[in-house]
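From first to last, the protein sequence lines are chains A and B. Number 175 in numbering that gives the first Met the number 0 belongs to position 176 of the first sequence; there are no gaps in the numbering. Number 121 in numbering that gives the first Met the number 0 belongs to position 122 of the second sequence; there are no gaps in the numbering. Structure record follows, encoded as structure tokens.
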Amino acid sequence: MTGKDEAELSRLMRAAIAGDERAYADFLRRTAAVVRGFIRRKIVQGGVDPEDVVQETLLAIHVKRHTWRQDLPVLPWVYAIARFKLIDAFRRRGRRVEIEIDEIAETFAEPEAETVSERDINRALDGLPPGQRSVVSSVSVEGRSIGETAVKFGISETAVRVSLHRGLAAIAKRFGAKQFGARGFGVRGFRR
Amino acid sequence: MRTDDLIKALDADARSTAMPLGSAWWIGAVAATLIAAVMFWLAVGPRTDIATAMYTTRFVAKFVFTIALAISAFALIRALSTPGAATGRAAAWMVAAPLLVAVAVGLELFSVPAADWGRRLVGSNMLICLSFIPLIGIGPLAVFLAVLRYGAPTRPVLAGAVAGLLAGGLAATFYAAHCFDDSPLFVATWYTIAIAILAALGALGGRLFVRW
């Protein structure tokens, strides 16, 4: 990663926090590519699907974006979250990993590969209450806008936004809840 | 769900906003201080001779130790709850309070005859100290753990322990206004144990509750 990436990502994130949705989509896509490069480099043993960790990291970045201080660079923040989620993913599968701290300079952005494998996030999505699940699916997999989703389900746009927000927060929380062993509440749905 | 689909959903949720973590820490600090103050007044209250005690060095020194601990722990926990933030400098400042206590202990040993050391160390109410500092600090600790949960600590157990030190520093600051034992020998022993109890509780809380 270069200083140019840092400057560009920081700028996009600041614009996003100021309410620019297009900047936020841009930020997320670029960040996904950067995180994917980082995660793929780190996973040398099998058992963990890199794309699952990329998705967990993006969700964590989203629900924790209020923890980024605008006067600090954004990439160290992104990498710290990605590293945390990667260690978490290994720990959940009963493995210990040591991840070197400062490898930021050697990471390359990578595009998402086509894959047919079942994603952790789908199982988390299945665990949501039906209302939240259908709204999240409509906006993500089915690619509808907030307005189109409101029309489809015959509810207000505000109600769509609330369901979407709660659904995403619940998915992010379920990823986190698996952190210390797989027997806890809300975990069973993930590992079958 | 492909990652691109997930990004669509996250982007659609872009308008939802949350209070910056820095503000949450200040609100948490104010709330914790109020809780500690209420617990202090309900449980013990200030000592009766506080007006004259305020002019003695040993009494005032207790507040220097506890406030130094609270301030340095507050700076460290803010860094620990922010992913990627530098923690080295804040961690280094954590030695300030123990160092001040160590210097005070040295001065006390120098200025007080050895025959008196034991009496000053044991003091008059160490059990009250050991129970009331954790009692005053437990509410603030819960507040700090809640703010940690709102943040994103990549080392939850360590962050929880620092939350305990912060709650301990705050609780001890109030308790010091009640306690009649002003000798640094007493403070270095019993205050430390009482604060360590809160730090251990904080580490446990970090392990169990601070997940994200």
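All C-beta atoms, glycine included, are put in the ideal place defined by N, C-alpha and C.
Status (buried if at least 16 other CB within 10 Å, exposed otherwise) for residue i
i, result
"B:Arg14", "exposed"
"B:Phe109", "exposed"
"B:Ile49", "exposed"
"B:Ile127", "buried"
"B:Val59", "exposed"
"B:Pro183", "buried"
"A:Pro128", "exposed"
"B:Met18", "exposed"
"A:Thr30", "buried"
"B:Tyr54", "exposed"
"B:Gly201", "buried"
"A:Gly166", "buried"
"B:Leu9", "buried"
"B:Ala158", "buried"
"B:Gly105", "exposed"
"B:Leu41", "exposed"
"B:Pro155", "buried"
"B:Leu33", "exposed"
"A:Ala17", "exposed"
"A:Thr148", "buried"
"A:Asp119", "buried"
"A:Val43", "exposed"
"A:Ser139", "buried"
"B:Ser22", "exposed"
"A:Arg28", "buried"
"A:Ile86", "buried"
"A:Asp70", "exposed"
"A:Lys41", "buried"
"B:Asp181", "buried"
"A:Lys3", "exposed"
Beta-carbon gap between residue i and residue j smaller than 9 Å
i, j, result
"B:Thr65", "B:Tyr190", "yes"
"A:Leu8", "A:Val73", "yes"
"B:Leu212", "A:Leu57", "Absent from the structure is residue 212 of chain B, since the part of chain B shown begins at 0 and ends at 211."
"B:Leu99", "B:Val63", "yes"
"A:Glu111", "B:Asp3", "yes"
"B:Ala72", "B:Leu207", "no"
"A:Val161", "A:Phe152", "no"
"B:Leu125", "B:Thr188", "The residue asked about is misnamed: residue 125 of chain B is Met in this sequence, not Leu. It is a contact, given that the beta carbons lie within the stated cut-off."
"B:Thr81", "A:Trp76", "yes"
"B:Thr86", "B:Leu68", "no"
"A:Ala59", "B:Ala84", "no"
"B:Arg88", "B:Glu107", "no"
"A:Glu109", "A:Arg21", "no"
"B:Gly204", "B:Ala103", "no"
"B:Ala11", "A:Ser155", "no"
"B:Gly220", "B:Val111", "The displayed coordinates of chain B run from 0 to 211. Any statement about residue 220 of chain B would go beyond what the structure contains."
"A:Leu11", "B:Met0", "no"
N-terminal and C-terminal residue of the alpha helix (DSSP H) that residue i is part of
i, result
"B:Gly204", "191 to 208"
"A:Leu11", "2 to 16"
"B:Met38", "20 to 42"
"B:Pro155", "155 to 174"
"A:Gly130", "129 to 138"
"A:Asp119", "119 to 125"
"A:Tyr78", "74 to 91"
"B:Lys61", "56 to 79"
"A:Val47", "Here A:Val47 belongs to no alpha helix (DSSP H), and DSSP marks it neither H nor E."
"B:Pro133", "125 to 149"
"B:Pro212", "Any answer about residue 212 of chain B is impossible in this case: the structure gives chain B only from 0 up to 211."
"A:Thr148", "145 to 152"
"B:Thr51", "49 to 52"
"B:Asp10", "2 to 11"
"B:Asp115", "113 to 121"
"B:Gly87", "87 to 92"
The region 163 to 171 of chain B / the region 125 to 140 of chain B touching (three or more Cβ pairs under 8 Å): yes
For the pair the region 43 to 54 of chain A and the region 65 to 75 of chain A, tell me if three or more CB-CB distances fall below 8 Å. no
Three-pair Cβ contact test at 8 Å for the region 74 to 81 of chain A versus the region 30 to 44 of chain A: yes
Just checking, does the region 151 to 165 of chain B make contact with the region 192 to 200 of chain B on the three C-beta pairs under 8 Å criterion? yes
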